[in-house]
Amino acid sequence: MDVLVKRGYTNLVKIDSGGQARVYKAEHIPDGKLVAIKIVHVENPNNTKLDDDLKRELQIISNLQHPNCIKIHKLLRSQGKVYIVMDFMANGTIGSRIRNDGELCEWHARLWFCPIARA
1 MDVLVKRGYT NLVKIDSGGQ ARVYKAEHIP DGKLVAIKIV HVENPNNTKL DDDLKRELQI
61 ISNLQHPNCI KIHKLLRSQG KVYIVMDFMA NGTIGSRIRN DGELCEWHAR LWFCPIARA
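Counting from 1, position 26 in the sequence shown corresponds to residue 26 in full-length UniProt numbering; the numbering is continuous, with no gaps.
If you want it as structure tokens, here you go:
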């Protein structure tokens with residue numbers, strides 16, 4: 001995580017994890033902004049196709065400008081890991097809500113997913 005500290009990110013707190021990635025909340029010291037940092041373990045760190053795919057995906061996502069879309073700020077790569085720095089959502093994700101509270105009723109699903117689909 002030295003790569004993050006060198007770029008001004010501190011106070012990392014793990015907030016979620018999955019099969020190949022972990023997500024941390026962090027503070028960006030220069031501006032005091034809270035961010036989420038997704039750290040993805042890359043099986044083959046020399047895979048240039050992965051670099052191209054990630055750069056293309058970041059470019060596409062970065063062009064999305066909508067209040068219902070999380071903004072991606074940075075993509076870093078170091079020692080077999082990819083670091084995706086994005087907006088921090090204080091209320092968590094839809095996935096974490098479903099894991100914690102169970103299925104969404106149809107009304108809540110519509111309430112959440114219609115704005116996402118419009119984005």
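Glycine included, C-beta positions come from ideal geometry on N, C-alpha and C.
Considering only residues of the same chain and omitting the five flanking positions on each side of residue i, which have a CB-CB separation below 8 Å?
{"i": "I29", "result": "G8, Y9, T10"}
{"i": "I98", "result": "L104"}
{"i": "R22", "result": "K14, D16, K38, I39"}
So, helix, strand or coil for residue i, using DSSP?
{"i": "D87", "result": "strand"}
{"i": "V40", "result": "strand"}
{"i": "K81", "result": "strand"}
{"i": "R118", "result": "helix"}
{"i": "D16", "result": "strand"}
{"i": "N68", "result": "coil"}
{"i": "R7", "result": "coil"}
{"i": "residue 121", "result": "With the chain covering 1 to 119 only, the question about residue 121 has no answer from this structure."}
Could you tell me if residue i is buried or exposed, where buried requires 16 or more neighbouring beta carbons within 10 angstroms of its beta carbon?
{"i": "I72", "result": "buried"}
{"i": "L64", "result": "exposed"}
{"i": "A26", "result": "buried"}
{"i": "V5", "result": "exposed"}
Comparing the C-beta of residue i with each C-beta of chain B, is any distance below 7 Å?
{"i": "D31", "result": "Of the protein chains in the structure, only one exists, and it is not chain B."}
Please go through the same chain and pick out, in chain order, the residues whose beta-carbon is closer than 6 Å to the beta-carbon of residue i, but skip the five residues on each side of it.
{"i": "P115", "result": "N68"}
{"i": "H66", "result": "A119"}
Apart from the five residues on each side of it in sequence, which residues of its chain come closer than 7 Å, Cβ to Cβ, to residue i?
{"i": "V61", "result": "The residue asked about is misnamed: residue 61 is Ile in this sequence, not Val. Closer than 7 Å at Cβ, skipping near neighbours: I72."}
{"i": "residue 125", "result": "This structure leaves residue 125 out entirely; the chain is present only between 1 and 119."}
*Between the stretch 86 to 102 and the stretch 34 to 44, do at least 3 Cβ pairs fall closer than 8 Å?*
yes
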